[in-house]
Amino acid sequence: MIKRDKRVELLAPAGSFKSVVAAVNAGADAIYMGGRKFGARAYADSAKTEEEDMVMEAIRYCHLFSVKLYMTVNILFKDSELKELFSYIKPYYEAGVDGLIMQDLGAIREIHEMFPGLEVHASTQQTIASVAGARMAQKFGMTRAVCSRELSLSEIKRIHDETGMELEVFCHGAMCYSYSGACFMSSLLGGRSGNRGRCAGTCRLCYEAINRGETAMGESPFMNNGERTETHKKGYILSMKDMQTIDLLPELIEAGAYSFKIEGRMKSPVYTAGVVSVYRKYLDLALDYLGLDNSGTDIRSVGVRKDRTYSVDPEDLRVLREIFDRGGTTSYMKKHNGADMIAIEEKKFREVDKEVIGRIEELYIDKNRTLTLDAHMNMTVGAPAVLTLSDSMGRMVTVVSDDVVSAAESHPMSEADVEARLRKTGGTVFTFDEVKVEIEGAAFYPVGKLNQLRRKALDMYEEEILSGSKRQLAETE
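With the numbering used here as the guide, the letters of the sequence shown map in order to residues 329 to 805.
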């Protein structure tokens, strides 16, 4: 199993670049999204002509903030489509995508051969609901299994304990009535296959259940003057309530869950940011309750801290309801069935709390996250200008100008003038904390060139961060 630098991972959905930014701002450890092809959410918010650029920009943005990005390639492939796989994945592989979430075993074999070292995760579409399923995924070289949403806590624990495989579990969002990857209802009724990324959502429609009152022997116990009676029940009888496991996070960690996955690639940035922020809070509280930090040590030695309690603030539950409310259920974590898992009645329109939505937008959507650097500028008359950027992690880049600092004819530059120019980092993810400027002599350096030096240093610093995740595919003859 691949060693991780965290004990748990909060995995957020994104169907647009705005949702990527929202998830990163709200505290996601990783993001999953689809490209323009081969994903099981064909209707996410992105135009095909812009898709490649959006995913590439998402990889760049995530890696700047040490957030991982996984790409969904989880349809069942046609033989003709396998020919496109190499050219489709190659740019993302070289940009440093952290892994692929896949279903098709033939395509997975191709990926292992074409892109060495690239992680492949077994999609929920593989319906991994047992130890045998997880071992099959391991046999095919997959490093992580996305557990079926139909599993209980004890079943998740058994898979973890008996295989040692890294497990990803859904913790929040929509539930399918059928097993993921094994539903053909959309194909049969809507002519659109969920295994091709085009689920018609047929289980969300209104149906009528008819009980004709027949026994196993074909006789009816419901008779009225010698005629058989029927009972009818109309409603959203296949529409599952949304999963909400926030109360169970400590138990899921103890069961061996590593990645906590939020469903919702087709939902809005507000949904993404709001749900991520709440689960970020309670995952951290759960780790503290268990006496752990998020440092990546073995979770099998978990022990509850007696000086801690774990409880969920009703206000945070209200926030989740305001964002999207189809009712909440802990799904199959502690039960196998029950009418309380079904929505039954149509979701009624109601006014959302604009204050809650506004707060989410202000904190996570309208405000961009930044990376804080220190800068040291040295300007000596007759010598090149030297700008050094550094951060708390020990990374450092130095840029030397191509020309030299001139002697001022009338008004020499001051340290305050230079600092003010250096701090103009608008349009980037960077901001400066400490800026130290040293000037020797009555110096002059054109403002335009000072701006160029700053931009070049920031570009070099960004490349310093990103270079560790980029790959170069060896040329084949």
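Ideal Cβ positions, reconstructed from N, Cα and C, are used throughout, including at glycine.
Residue i versus residue j: straight-line alpha-carbon distance, rounded
{"i": "residue 620", "j": "residue 575", "result": "18 Å"}
{"i": "residue 339", "j": "residue 495", "result": "12 Å"}
{"i": "residue 733", "j": "residue 761", "result": "25 Å"}
{"i": "residue 382", "j": "residue 345", "result": "6 Å"}
{"i": "residue 769", "j": "residue 716", "result": "20 Å"}
{"i": "residue 722", "j": "residue 391", "result": "17 Å"}
{"i": "residue 648", "j": "residue 605", "result": "10 Å"}
{"i": "residue 568", "j": "residue 561", "result": "17 Å"}
{"i": "residue 342", "j": "residue 640", "result": "26 Å"}
{"i": "residue 729", "j": "residue 454", "result": "55 Å"}
{"i": "residue 796", "j": "residue 667", "result": "50 Å"}
{"i": "residue 528", "j": "residue 516", "result": "10 Å"}
{"i": "residue 694", "j": "residue 350", "result": "9 Å"}
{"i": "residue 572", "j": "residue 590", "result": "10 Å"}
{"i": "residue 362", "j": "residue 406", "result": "18 Å"}
{"i": "residue 518", "j": "residue 703", "result": "59 Å"}
{"i": "residue 708", "j": "residue 771", "result": "7 Å"}
{"i": "residue 348", "j": "residue 475", "result": "24 Å"}
{"i": "residue 671", "j": "residue 337", "result": "30 Å"}
{"i": "residue 530", "j": "residue 497", "result": "24 Å"}
{"i": "residue 638", "j": "residue 614", "result": "7 Å"}
{"i": "residue 384", "j": "residue 419", "result": "8 Å"}
{"i": "residue 793", "j": "residue 655", "result": "42 Å"}
{"i": "residue 388", "j": "residue 394", "result": "10 Å"}
{"i": "residue 612", "j": "residue 334", "result": "12 Å"}
{"i": "residue 372", "j": "residue 765", "result": "With a pLDDT of 48 at residue 372, under the threshold of 50, the modelled position of this residue cannot be trusted; read the value that follows with caution. In a straight line, the C-alpha of residue 372 is about 48 Å away from that of residue 765."}
{"i": "residue 484", "j": "residue 652", "result": "27 Å"}
{"i": "residue 544", "j": "residue 431", "result": "With a pLDDT of 46 at residue 544, under the threshold of 50, the predicted position of this residue should be treated as unreliable, though the coordinate-derived value follows. Near 39 Å, if we compare the C-alpha coordinates of residue 431 and residue 544."}
{"i": "residue 443", "j": "residue 801", "result": "8 Å"}
{"i": "residue 461", "j": "residue 493", "result": "11 Å"}
{"i": "residue 585", "j": "residue 397", "result": "19 Å"}
{"i": "residue 400", "j": "residue 415", "result": "16 Å"}
{"i": "residue 509", "j": "residue 456", "result": "10 Å"}
{"i": "residue 752", "j": "residue 522", "result": "49 Å"}
Buried or exposed by the 16-neighbour rule on C-beta atoms within 10 Å, applied to residue i
{"i": "residue 578", "result": "buried"}
{"i": "residue 488", "result": "buried"}
{"i": "residue 511", "result": "buried"}
{"i": "residue 329", "result": "Bear in mind that a pLDDT of 40 at residue 329, under 50, signals an unreliable position, so the model cannot answer this."}
{"i": "residue 286", "result": "As displayed, the chain neither begins before 329 nor continues past 805, which places residue 286 out of reach and without an answer."}
{"i": "residue 358", "result": "buried"}
{"i": "residue 402", "result": "buried"}
{"i": "residue 592", "result": "buried"}
{"i": "residue 452", "result": "buried"}
{"i": "residue 739", "result": "exposed"}
{"i": "residue 355", "result": "buried"}
{"i": "residue 725", "result": "buried"}
{"i": "residue 787", "result": "exposed"}
{"i": "residue 582", "result": "buried"}
{"i": "residue 731", "result": "exposed"}
{"i": "residue 759", "result": "exposed"}
{"i": "residue 755", "result": "exposed"}
{"i": "residue 538", "result": "exposed"}
Integer-rounded CB distance, given that residue j should sit under 8 Å from residue i
{"i": "residue 526", "j": "residue 520", "result": "4 Å"}
{"i": "residue 499", "j": "residue 588", "result": "4 Å"}
{"i": "residue 799", "j": "residue 422", "result": "5 Å"}
{"i": "residue 617", "j": "residue 566", "result": "Contact doesn't hold; Cβ gap of about 37 Å is too wide."}
{"i": "residue 705", "j": "residue 713", "result": "7 Å"}
{"i": "residue 434", "j": "residue 410", "result": "7 Å"}
{"i": "residue 352", "j": "residue 608", "result": "Contact doesn't hold; Cβ gap of about 11 Å is too wide."}
{"i": "residue 438", "j": "residue 563", "result": "Not confirmed; about 45 Å, so no contact."}
Enclosing alpha helix (DSSP H) for residue i [first to last residue]
{"i": "residue 780", "result": "775 to 794"}
{"i": "residue 622", "result": "Element bounds for residue 622: n/a, residue is neither H nor E."}
{"i": "residue 701", "result": "Per DSSP, residue 701 belongs to no alpha helix (DSSP H); it is in the beta strand (DSSP E), 699 to 708."}
{"i": "residue 419", "result": "413 to 423"}
{"i": "residue 350", "result": "345 to 354"}
{"i": "residue 409", "result": "407 to 410"}
{"i": "residue 603", "result": "597 to 617"}
{"i": "residue 578", "result": "577 to 583"}
{"i": "residue 428", "result": "No alpha helix (DSSP H) contains residue 428, which is instead part of the beta strand (DSSP E) from 427 to 430."}
{"i": "residue 459", "result": "459 to 467"}
{"i": "residue 482", "result": "481 to 491"}
{"i": "residue 682", "result": "682 to 688"}
N- and C-terminal bounds of the beta strand (DSSP E) containing residue i
{"i": "residue 712", "result": "712 to 718"}
{"i": "residue 673", "result": "Per DSSP, residue 673 belongs to no beta strand (DSSP E) and is neither H nor E."}
{"i": "residue 536", "result": "535 to 539"}
{"i": "residue 400", "result": "396 to 401"}
{"i": "residue 359", "result": "358 to 362"}
{"i": "residue 571", "result": "570 to 572"}
Stretch pair the segment 685 to 700 + the segment 743 to 750: three plus CB contacts closer than 8 Å: no
Three CB pairs or more closer than 8 Å across the segment 655 to 669 and the segment 474 to 493: yes
Contact the segment 427 to 436 vs the segment 461 to 472: 3+ CB pairs below 8 Å: yes
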